[in-house]
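Per this note's numbering, the very first residue in the sequence shown carries number 662; after that it's consecutive.
Quick reminder that beta carbons are idealized off the backbone N, C-alpha and C, glycines included.
Each remark here refers to the structure printed beneath this line.
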Amino acid sequence: MSNEPAAYKKLLKRAREISFVGSTTAALSWDLETYMPPKALAFRAEQLAYLGGEAHRKFTAKKVGQLIAECEQHGFAPDSDEAGNVREWRRRYDRATKVPARLVEKMERIRAHAREAWKQARAESKFRLFKSHLQKLVDLSRQMADCWGFK
């Protein structure tokens, strides 16, 4: 571990920060699923959208790409944990940078509203209550696939 380049240490720090945002998002999502009052949905959806966008921007910053490139040049042993982390960071970075933060935010916002609509639709056995939300999720998923280059 003491042999790690500064770029690797900076990436570890950034990954930890992004993990904090992710775990905060997970806690908010859990609350959305379990205890949240129905009238708090709009605010919770905005919180999730904001955090999703922030995590995305933090990970897709040009500096992160530069740090990954520095790590790729370091020459970690191919089977080392460090090399595996760098490969995974590169894969995730290349994929994430193709998607604009506003699309990530929109997806998070729609997911939150869709969850609530699904709960109501399921409880009342009325798919029509969820149908428009599902269509929005499919449309956004297609937009993301377009960003990634899937045909």
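In the three-state DSSP reduction, Ala722 falls in the coil class, being neither helix nor strand.
Judged by pairs of C-beta atoms under 8 Å, the region 751 to 768 touches the region 715 to 724, as three or more such pairs exist. Separation of the CB atoms of Arg770 and Ala706 is rounded to 5 Å, and the pair is thereby assigned contact status at 8 Å. Look at the beta carbons and you see the region 730 to 742 not touching the region 771 to 789: under three pairs across the two are nearer than 8 Å.
Residue environment analysis places Phe704 among the exposed positions, since fewer than 16 neighbouring C-beta atoms fall within 10 angstroms of its C-beta.
The three-state reading of DSSP puts Lys674 in helix, counting H, G and I together. Trp809 sits exposed, since fewer than 16 C-beta atoms from the chains shown fall within 10 Å of its C-beta. Here Phe791 is buried. Its C-beta has 16 or more other C-beta atoms within 10 Å. The three-state secondary structure of Asp740, taken from DSSP, is coil. In this model, Ser684 and Arg789 are separated by some 32 Å (Cα to Cα).
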